[in-house]
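Data block below; observations after.
2 protein chains.
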Amino acid sequence: MPAQSSPPRTDTRPGGRSARVRAAVHQAVKELLTDEAGDALTIPVIAARAGVHATTVYRRWGSVGELLADVATSRFSGDVVVPDTGSLREDLERYAYDLAKDLSDPDTLALVRAIVGTGGEGAGVCRMERQRQLEAIIEREQARGNRVPTVDRAVEALLAPLYYRAVFTDQALSPEWARGLVSHLLPE
Amino acid sequence: MPAQSSPPRTDTRPGGRSARVRAAVHQAVKELLTDEAGDALTIPVIAARAGVHATTVYRRWGSVGELLADVATSRFSGDVVVPDTGSLREDLERYAYDLAKDLSDPDTLALVRAIVGTGGEGAGVCRMERQRQLEAIIEREQARGNRVPTVDRAVEALLAPLYYRAVFTDQALSPEWARGLVSHLLPE
DNA sequence: CCACTAACGCAACGATCACTGCGAGGTTTC
DNA sequence: GAAACCTCGCAGTGATCGTTGCGTTAGTGG
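Chains B and L, in that order, are what the protein sequence lines are. So the first sequence is numbered by the working numbering: it starts at 1 and just counts up by one. So the second sequence is numbered by the working numbering: it starts at 1001 and just counts up by one.
As structure tokens, then:
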């Protein structure tokens, strides 16, 4: 176990030097994830691509796994706004559509696959944020006094097919198909 | 692109020398996948664990990715027998139960995650065999003249939640939960 | 304006990796 | 039984990786 490797220590103000190399390294990781076969994703290569020295990357992140986890965290945080249309069905349809569009991005997909390959510790990062958004939608509907499916059911019916199709198959995540998932979760 | 690297060339008879080192290397990969963090999965390490020389592994497989694909192929082929109880519901329940038990094995799970991480070309291997079995169950029921869900629906309702929960979460794949998936696919 | 802290660049090091001729041992075929 | 073929072990090579000590530079607070 690599201790806990102090997270991005201090200094992450949007103009600072640290923030700049951080952005450059993140960008390099995303680019390499789409280009290369995936096994060539190593610290010296990332550092060269980012225009920084490998030493810096080793000191700040320590390993490719932690770096990927960091990239995933900043990638999957507060990116999809939770829909709020007043209708559960419509909220879920927009949510499924947004998630499908997000997972259709090759960069995002490659990132998810790489994260899964690092051992699964960071795999939760790729889904917890989405699951929280789903919970928020359902709890809001429940607060309106309506019957709602359980969160687990919603995860099985929406999140699971979206992630499964994206990660394990080559099929496209069409908007119609994503909406169809909602109709199976909420039978008329 | 590494050409196509001739697949396990010749000589795979169950007693031959090639078959023996092949089995040893496969076993070593499975063991290392469970032990290590995953990033230490390299050819020399695998070879040392298997008791063979790295040269042999390089020549026969060429890269870790191809080796993983080979392991996955022999792991996911003809292992789960397709249930045939005469009842679609019962067939699917047994199928879901078997798959849940299979994915609960840490070795199998680590293999699936590693395969996904190599880029996704070999990810299909982990699911195609299962999907064919699902198709066989459904087509058999259809041949009996009964109404059946589409294969895509069955994949979304069974395969996707099973793989999603196994790969992305740490929750256990309990038999009751697996059976519950079938009851959502086949209402009534 | 000046000292202080922290992040980065630089150079060097051992270790490991991926790969390549060459020879030995086993298996098949005539 | 002998020759041809394939597979594996062995030793060595260049390249890359992960890591560390030290000087430099950029931001921070008095």
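Glycine residues also receive a C-beta, built at the ideal position from the N, C-alpha and C atoms.
Would you report the Cα separation of Ala50 (chain B) and Arg89 (chain B), rounded to the nearest angstrom?
Here residue 50 (chain B) refers to the residue found at position 50 of the first sequence. Here residue 89 (chain B) refers to the residue found at position 89 of the first sequence. The alpha-carbon atoms of Ala50 (chain B) and Arg89 (chain B) are separated by roughly 43 Å.
For Arg1127 (chain L), which residues of its own chain have a beta-carbon under 8 Å away from its beta-carbon, when the five flanking residues on both sides are left out?
What you label residue 1127 (chain L) is simply residue 127 of the second sequence in a count that begins at 1. Leu1159, Tyr1163, listed in sequence order.
Assign Arg165 (chain B) to one of two classes, buried (16 or more other C-beta atoms within 10 Å of its C-beta) or exposed (fewer than that).
The sequence position of residue 165 (chain B) within the first sequence is 165, counting from 1. Label assigned to Arg165 (chain B): buried.
Return the residue from the list L:Pro1106, L:Gly1122, L:Val1182, L:Pro1175 that minimises the CA-CA distance to Val1148 (chain L).
Within the second sequence, numbered from 1, the residue matching residue 1148 (chain L) stands at position 148. Closest option to Val1148 (chain L), Cα to Cα, is L:Val1182.
Which whole-angstrom value is the C-beta distance of Val1082 (chain L) and Ala1136 (chain L), which I expect to be below 8 Å?
Taking the first residue of the second sequence as position 1, residue 1082 (chain L) is located at position 82. Taking the first residue of the second sequence as position 1, residue 1136 (chain L) is located at position 136. Right, the Cβ-Cβ distance comes to about 5 Å (below 8 Å), so this counts as a contact.
From B:Tyr95, B:Pro106, B:Arg144, pick the residue whose C-alpha is nearest to that of Glu129 (chain B); which is it?
Looking up residue 129 (chain B) in the first sequence gives position 129. If we check each option's Cα against that of Glu129 (chain B), B:Tyr95 comes out closest.
According to a CB-to-CB cut-off of less than 8 Å, which residues of the segment 1170-1182 of chain L neighbour chain B?
So the close ones are Asp1170, Leu1181.
Considering only the alpha carbon of each residue, which of L:Val1116, L:Pro1187, L:Glu1031 lies closest to Asp1105 (chain L)?
Indexing the second sequence from 1 puts residue 1105 (chain L) at position 105. For Asp1105 (chain L), the nearest C-alpha among the options comes from L:Glu1031.
In chain order, what residues of the same chain lie with their CB nearer than 6 Å to the CB of Gly1065 (chain L), ignoring the 5 residues before and after it?
The count along the second sequence starts at 1 and reaches residue 1065 (chain L) at position 65. Closer than 6 Å at Cβ, skipping near neighbours: Thr1118.
Output, in chain order, the set of chain B residues within a Cβ distance shorter than 8 Å of Leu1159 (chain L).
Working through the second sequence from its first residue, we reach residue 1159 (chain L) at position 159. By Cβ distance, chain B contributes Tyr164.
Are the CB atoms of Ala1069 (chain L) and Val1151 (chain L) nearer to each other than 9 Å?
Taking the second sequence and counting its residues from 1, the one referred to as residue 1069 (chain L) is at position 69. Taking the second sequence and counting its residues from 1, the one referred to as residue 1151 (chain L) is at position 151. Cβ atoms of Ala1069 (chain L) and Val1151 (chain L): not closer than 9 Å.
Please classify Asp1091 (chain L) as buried or exposed, where buried requires at least 16 other C-beta atoms within 10 Å of its C-beta.
The residue labelled residue 1091 (chain L) in the question sits at position 91 within the second sequence. Its Cβ being crowded by 16 or more others within 10 Å, Asp1091 (chain L) is buried.
With a threshold of 9 Å between beta-carbons, can Arg113 (chain B) be considered close to chain L, or not?
As a first step, residue 113 (chain B) is located in the first sequence; it is residue number 113 there, counting from the start. Closer than 9 Å: yes.
Is there a Cβ of chain L sitting closer than 9 Å to that of Ala24 (chain B), yes or no?
Numbered from 1 along the first sequence, position 24 holds the residue referred to as residue 24 (chain B). False, the Cβ-Cβ gap to chain L never drops below 9 Å.
Kindly say whether Thr1118 (chain L), judged by its beta-carbon, lies nearer than 9 Å to any beta-carbon of chain B.
On the second sequence, residue 1118 (chain L) is found 118 positions in, with the first residue counted as 1. Chain B, which has a Cβ nearer than 9 Å to the Cβ of Thr1118 (chain L), makes this yes.
Are the segment 132-146 of chain B and the segment 1138-1147 of chain L touching by the rule of at least three beta carbon pairs closer than 8 Å?
With a cut-off of 8 Å, the segment 1138-1147 of chain L and the segment 132-146 of chain B do not count as touching, because too few Cβ pairs lie within range.
Got a sec? Which residues, its chain only, sit under 7 Å from Ile43 (chain B) by beta carbon, not counting five neighbours each side?
Within the first sequence, the letter at position 43 stands for residue 43 (chain B). Excluding positions up to five away in sequence, the list reads Ala54, Val57, Tyr58, Val64.
Contact criterion: CB-CB distance below 9 Å. Does Gly62 (chain B) meet it with respect to chain L?
Locating residue 62 (chain B) in the first sequence gives position 62, where the first residue counts as 1. By this cut-off, Gly62 (chain B) is not an interface position.
Can you check which of these residues, B:Val112, B:Glu93, B:Leu67, is closest to Thr34 (chain B) by C-alpha distance?
The sequence position of residue 34 (chain B) within the first sequence is 34, counting from 1. For Thr34 (chain B), the nearest C-alpha among the options comes from B:Val112.
Shorter than 9 Å from the beta carbon of Ala1123 (chain L) to some beta carbon of chain B?
Stepping through the second sequence from its first residue, residue 1123 (chain L) is reached at position 123. Yes, Ala1123 (chain L) counts as interfacial toward chain B.
Measure the CB-CB distance between Ala157 (chain B) and Ile138 (chain B) and report whether it falls below 9 Å.
Residue 157 (chain B) sits at position 157 when you count from the first residue of the first sequence. Residue 138 (chain B) sits at position 138 when you count from the first residue of the first sequence. Not closer than 9 Å, so no.
Measuring alpha carbon to alpha carbon, tell me which of L:Ser1018, L:Phe1168, L:Ile1046 ends up nearest Ala1028 (chain L).
Counting from one through the second sequence, the residue named residue 1028 (chain L) turns up at place 28. Comparing Cα positions, the closest option is L:Ile1046.
What does Val1082 (chain L) touch in chain B if you count any residue whose Cβ is under 8 Å from its own?
The residue you call residue 1082 (chain L) lines up with position 82 of the second sequence. Per Cβ cutoff of 8 Å: no residues; Val1082 (chain L) is ~20 Å from chain B at best.
Indicate whether at least one CB of chain B lies closer than 9 Å to the CB of Arg1147 (chain L).
As a first step, residue 1147 (chain L) is located in the second sequence; it is residue number 147 there, counting from the start. By this cut-off, Arg1147 (chain L) is not an interface position.
Closest Cβ-Cβ distance between His184 (chain B) and chain L: below 9 Å?
Working through the first sequence from its first residue, we reach residue 184 (chain B) at position 184. It does: the Cβ of His184 (chain B) has a partner Cβ on chain L nearer than 9 Å.
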